[in-house]
Each structure stands twice: as structure tokens, then as C-alpha cells.
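In what follows, a single structure is set out as C-alpha cells and then discussed.
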Amino acid sequence: MELTEQQIGLDRIRPSALDLYEKCPRWFYYKYWLGLELEEDRLHMDFGTAIHEAIHAIFLEYDNNFGGGWEYASFSNVLKQFGTFWKPNHVTDLSLENYVNTVAGRASSIRTKQELYQYFKNDAVAMLRSYWNEKERLLIDYNHDLAEFEVAMKVELRNPLEPNEKLPIPMTMRIDAINRTRTKLVDFKTSGSKYNQAETRQKIQGQCYLFGILMETGVLINDFDYVVIRKGLKSEDRIQVVSLNYDMADMAALYQRIKMILVGISNKEFSPPAIGHSPYCGCYQYERALKVK
Amino acid sequence: MATIQKTTKIDNLEQEILIGANSVKLSSLLTEKDYWQTNGRIKRTILTHDAIKRLADMASINKAVEYAVLTQPNAYNNYQYTMQAKVCGISGECVVELGEANRSNLGSKGRNNPANMAQKRAYDRAVLRYLGITGLLSEEELSDQDPEEKMDELSHDDKRKIAPIINQLLLARSKKQMVLFNRAMKEKAKDFSEPQLTYLRKLYQKRLAELQKVSF
């Protein structure tokens, strides 16, 4: 039986959607297959976007000083860029309510939106300062001479080992950064917790970015780094780099993994996972919202 | 899971079956623990698997049932087991029926043992067919009510068609928006089926109550 776009019911797929299907097909069903939207707290997403933009500014500083690199760069420009994307209205009533109900929120004295906004702003300064201090080391040790940011792609999904075999829908993605020699992809994450190397290697999202480049250029970039910028730490050292390496066999396996997900979607397999289903899974929020008597 | 509803008399249990040489009313062979009725608009009478096994024994159906596995689960058949059961009586008369179990027709109780569920379904259908029992279902035919059925009995495609309307309801932030929504729906209603509209009406009432901060 051949898979078709009609059976899948989607005209494209994103790495984050694949990731969600693997976590909980039910959640995927509500969010991506039905396309239902809930009022969501975008605090962390908006904060992450502002951090991304500020890091982009660090690399613009590198390239925009007539070849002088970071010698003439100014950290204040980085903070200015952050301030352009981090505004008080990003902290909503829902954000505050969610925050004060967390362990950290209960322990802190933050009780107003302005205080929460300022807390995040102060944390961002520490995070960006840490990155700023580490940028030369990251460049030398990890080849993070980042030249392309927010690279959008839409690629066909072909079997790397059998190029005539193709899945019926394309994959769309946005890659955080690619280095100047196009030998490494980088994805930035802001996180309160440390990333585990082995678990992170299994994540479908990062592999999809490498696969996307392979599909578009025919060239496999083997190296992929997650740069985790840690939130809420007392330490000034906020940077964790998780370096991953993949080969063509990984890409062939990824193709089959994506294919199986699409087969699952076309079979309407949207039940939550039988084991390991988190009691805090996002599917429950949808079910609460959609339940009627 | 559908819930038990006690009834005084159920028509389908008044049918007669042959036990040995005698024709016997089904209701006289069953206790209250052997059957139940589902809730909902269409009430179905359900026989337990144990009751069906007991009926088979009473009718002297051979306990050595012949089973055959017709399909093994794989990604292309929705992970379906298909089993064939052949039951025979002492007269030599046999009945063959199929039972299938896949991810779509199993609830949480059977998800971890689909082969067993397919086998039970095949057996129960074969015994019911052998005894000539109609209008009753084996309990193994029922999947648990999955949470997605909170959108009543709409198909995936029906749900998808109303998803943009559901989004308007879920994202509405004021009573005024709900009034405008209601007006717009008067025009749009003709595009939807009655089950779709029934669900949307219920969700509308729920959201309105939430926005008015009253219990509903």
C-alpha cells in the first residue's frame, strides 16, 4: 500500500510535529491534525525568541566591524537587540498565574507582571553575558563561526539510500544557525535543566535539520550542536554545548522513522502512549477544553 | 466504559435457543451478572464472555476450538490481528467466524493483548452464530470509550471540518465575542451536520458559562 497525502491528511510536516507525535499521538492529533488552538502561555517562547535574536546580534557584531571581528563589538548592542524583542506585554496574566504556581514561583517574591518581566530581563542579561564571555571559546573549540541564521527550508522526503523512494508530503523547517564553512548546524535552547547527551541524540528534531540540508544540497553535514543557555542559575557559567555526530546510516534510519510516523498518522493512530504517558501531557488540556456534557 | 443499566425485561433475551433437544428461553439460562445494557441513544445488550462460554458448554459445543491466525499486525494493517475460530457441536455441524483487533477497535483494556482480544471476538461470534443468537453483542466487541470521543460520535473528518469553529470558541475572550459568534453561526449552520452542530452548541454553552463565571 502506498502512502498518500490524502491518507495522511496533512500537506506538510514539521520536525516539531514529528517530535510531538512520538511524545503523544493524541496531543499531536489535537494540535497539528485538527489544528486546534488553546489560549497558551507564550512567555517562554517569546523569551526564547528574544534570546535568539540577541545571539544573532552577537554574530552580526562579528561581521559588521570592517573585519575587526569582536574586537570592536559592543555588548550593549546585544542587550539593545534583546530589548527590542522582550517587552512587558509578553508577560500576561496567564504567564504570571502559571509562574506563581511553580515551585520557583512559590519560593520567590514575584507577584506582579512587572516584577516577572524584570526577573526574566535580568536573567537574560546573565545568560547573554555568559554567552558573550564564551563566544571566542565556542568559536575555536566548537567551530561556532555562525554565519546563517533562521534558515527556512521546505524539502522533499526521499530515502537517502533509495532516492527514487519518496514520501508524499514535504517537510518544512527553520534551522537556528549554520556555520560559515557549512560543516555544522547549531540549535539554541533556553532551559532550566541540563541536557543529557544520549537522550538528546535520539531527538528527532535535530536530525531532521541535518536531513533537510541533505535533501536540499545532497551533502550530509555530520555535526550538530545544541547550545543550551541555562535559565535561572546562580552560576555565571550558563552555557552547555551538546555536540552530536550523525552519519548516512542515521539519516536512512531517520527516513524510516519519519515514514512510520506518517503511516501511523494515515492509520489514524492517535491514542496516547500506552506506557510513559506523562500526567502533565498537553493532550489533557485539550480534552478538558473540548469536553462537553 | 459503558455503564451497567439494570432492566426488568430485555426483548433480545426472550429469544429461544436449542439446548440438546429442547428449545429454551435465553433469559432462563442467564443470571443478571451475565448481561448488561449500554447507555446512550441506542441501547445495546451485551453478553459477557464468560456467559457465552457457559452457553457453549450447555449446548455441548466442542471445547477444542480450531483457531487460525489470518493476519499478523504490521504498520500497514493498523497493527491488526485477525483470527479465525471454528466451533463444532456434537452433531458435527460447524461454524467459522473471524475476530479482529487493531489499534482503532481496542480500548485501554485490550491494547496490551490484541491477539487474545481477536481470539475472544472470533470465538464469541462463532458461538453466537452457532446458537442462532441475534441482536446481542459480546462484551469483547466493545472498545473502551476513548477520551477523543468526548466530541461525541464525530468522525475524524467531521471533527476536522468544525475545528476552525471550535478554535473561535476556545479563543473567545468575552461575552460580546460569543454573541457575535452566535450571529455568524446562524449563517454557517447550514454547512454542518446535526451531530456537528449538537457538539458545537454544547461547547458554545460551556464556553459561555465559563466566560460568565457560572457553574454549568
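Top line first, the protein sequences correspond to chains A and B.
With the numbering used here as the guide, the letters of the first sequence map in order to residues 1123 to 1415.
With the numbering used here as the guide, the letters of the second sequence map in order to residues 12 to 227.
Note that beta-carbon positions come from the ideal geometry of N, C-alpha and C, so glycine has one too.
*8 Å Cβ cutoff met for B/P125 and B/Y78*: No, Cβ-Cβ distance for B/P125 and B/Y78 is not below 8 Å.
*asked:* Given a cut-off of 8 Å on the beta-carbon distance, is the pair A/L1201 and A/V1247 in contact?
replied: Against a cut-off of 8 Å, the Cβ pair of A/V1247 and A/L1201 comes out as a contact.
*Check whether the Cβ of A/K1202 lies closer than 8 Å to any Cβ atom in chain B.*
It does not: the Cβ of A/K1202 has no partner Cβ on chain B nearer than 8 Å.
_Proximal chain A residues relative to B/R122, where beta-carbon distance stays under 8 Å_ = Chain-ordered, the chain A residues with CB closer than 8 Å to the CB of B/R122 read S1393, A1396.
*Please determine if the region 1348-1361 of chain A and the region 1316-1329 of chain A are in contact, where contact requires at least 3 C-beta pairs separated by less than 8 Å.*
By the Cβ test, the region 1348-1361 of chain A is in contact with the region 1316-1329 of chain A, since at least three Cβ pairs between them sit closer than 8 Å.
_To test your reading of the DSSP string, which unbroken alpha helix (DSSP H) runs of 4 or more residues are found completely within the region 1251-1297 of chain A?_
None, since the region 1251-1297 of chain A contains no complete alpha helix (DSSP H) of that length.
*Can you check whether the CB of A/L1165 is closer than 8 Å to the CB of A/Y1408?*
Going by C-beta atoms, A/Y1408 is not nearer than 8 Å to A/L1165.
*What in chain B is Cβ-close to A/E1161, meaning under 9 Å?*
Those within 9 Å of A/E1161 in chain B are L181, L182, R184.
*State the Cα-Cα distance for the pair B/G143 and B/N113, rounded to the nearest angstrom.*
Distance between the alpha carbons of B/G143 and B/N113: 27 Å.
*Is B/A75 closer than 8 Å to B/L41 when the C-beta atoms are compared?*
With respect to the 8 Å criterion, B/L41 and B/A75 are not classified as neighbours on the basis of their beta carbons.
*So what's B/Q26 in DSSP terms, helix, strand or just coil?*
Residue state, collapsed to three classes: coil.
_Rounded to whole angstroms, what is the Cα-Cα separation between A/Y1406 and B/S115?_
Across the structure, A/Y1406 and B/S115 are spaced so that their CA atoms are roughly 20 Å apart.
*By DSSP, does A/W1149 sit in helix, in strand, or in coil?*
In the structure shown, A/W1149 adopts helical secondary structure according to DSSP, grouped into three states.
*Using the DSSP secondary-structure output, state which residues sit across from B/A112 in a beta bridge.*
According to DSSP, which records beta bridges pairwise, B/A112 is partnered with B/Y92.
*Relative to chain A, which residues along the region 208-221 of chain B have a C-beta separation below 7 Å, given in chain order?*
Against chain A - using a Cβ distance shorter than 7 Å - the residues of the region 208-221 of chain B are Y210, K213, L214, K217.
_Residues of the region 1153-1182 of chain A in Cβ contact with chain B at a cutoff of 9 Å, in chain order, please._
Taking 9 Å as the Cβ-Cβ cut-off against chain B, the residues of the region 1153-1182 of chain A that qualify are W1155, L1156, G1157, L1158, E1159, L1160, E1161.
*the region 1361-1388 of chain A: which residues have C-beta closer than 8 Å to a C-beta of chain B, in chain order?*
Answer in chain order: M1382, V1385, G1386.
*Once you ignore the five residues that flank B/E159 on each side, which residues in its own chain have a CB closer than 7 Å to its CB?*
Any reading at B/E159 needs caution, since the residue's pLDDT is 43, under 50, leaving its predicted position unreliable; the model's value is listed next. Non-local beta-carbon contacts of B/E159 in its own chain, meaning distances under 7 Å to residues more than five positions away in sequence, are absent.
*Please look up how many angstroms separate the CB atoms of A/N1344 and A/D1369, rounded, as I've assumed it's under 8 Å.*
Indeed, because the Cβ distance is near 6 Å, the residues count as touching under 8 Å.
*List in chain order: all unbroken alpha helix (DSSP H) runs of 4+ residues lying wholly within the region 1330-1390 of chain A.*
The DSSP assignment places complete alpha helix (DSSP H) segments of no fewer than 4 residues inside the region 1330-1390 of chain A at 1370-1388, in order along the chain.
*According to the Cβ coordinates, are B/L180 and B/R212 closer than 8 Å?*
Taking 8 Å as the Cβ cut-off, B/L180 and B/R212 do not qualify as a contacting pair.
*Can you say whether A/D1215 is buried or exposed, counting buried as having 16 or more other CB atoms within 10 angstroms of its CB?*
Exposed is the call here.
*How long is the line joining the alpha carbons of A/A1396 and A/C1403, rounded to whole angstroms?*
Take the alpha-carbon of A/A1396 and the one of A/C1403: they are about 13 Å apart.
*Grab the span of the alpha helix (DSSP H) containing B/V190 for me, first residue to last.*
Membership of B/V190 in the alpha helix (DSSP H) is indicated by the continuous run 186-199.
*Under 8 Å between C-beta atoms of B/M94 and B/Q48*: No, the pair does not count as a contact, with Cβ atoms beyond the cut-off.
*From the DSSP output, in three-state form, read off B/Q156 for me.*
Unreliable positioning characterises B/Q156 in this predicted model, as indicated by a pLDDT of 49, which lies under 50. The coordinate reading is nonetheless provided below. Secondary structure of B/Q156 (DSSP, three-state): coil.
_8 Å contact criterion, which B/I173 and B/Q207 should meet: CB distance rounded_ = Yes, they are in contact, since the Cβ atoms of B/I173 and B/Q207 sit about 5 Å apart, within 8 Å.
_Tell me the DSSP secondary structure of B/A32 in three-state form._
In the three-state reduction of the DSSP assignment, B/A32 falls in the coil class.
_Going by DSSP in three states, A/T1224 sits in which element: helix, strand or coil?_
Correct three-state label for A/T1224: coil.
*Going by beta carbon distance, what residues of the same chain come within less than 8 Å of B/M81, once the five residues before and after it are set aside?*
One detail in the question is off: residue 81 of chain B reads as Leu in this sequence, not Met. Here the set comprises T93, M94, Q95, L109.
_My output table needs one value for A/I1173: the three-state DSSP class, helix, strand or coil._
It is helical.
*Could you tell me which chain A residues have their CB closer than 7 Å to the CB of B/H167, listed as they occur along the chain?*
The answer, in chain order, is K1390.
*Does the beta-carbon distance from A/F1207 to A/A1229 come in below 8 Å?*
Not a contact, by the Cβ cut-off of 8 Å.
*Using a Cβ-Cβ cut-off of 7 Å (strictly less than) and excluding sequence neighbours within five positions of A/Y1241, which residues of its own chain qualify?*
Scanning its chain for C-beta atoms nearer than 7 Å, with the 5 sequence neighbours on each side dropped, one finds around A/Y1241 the residues I1232, in chain order.
*Answer with buried or exposed for A/N1211, where buried requires no fewer than 16 other C-beta atoms within 10 angstroms of its C-beta.*
Exposed, since its Cβ has fewer than 16 Cβ neighbours within 10 Å.
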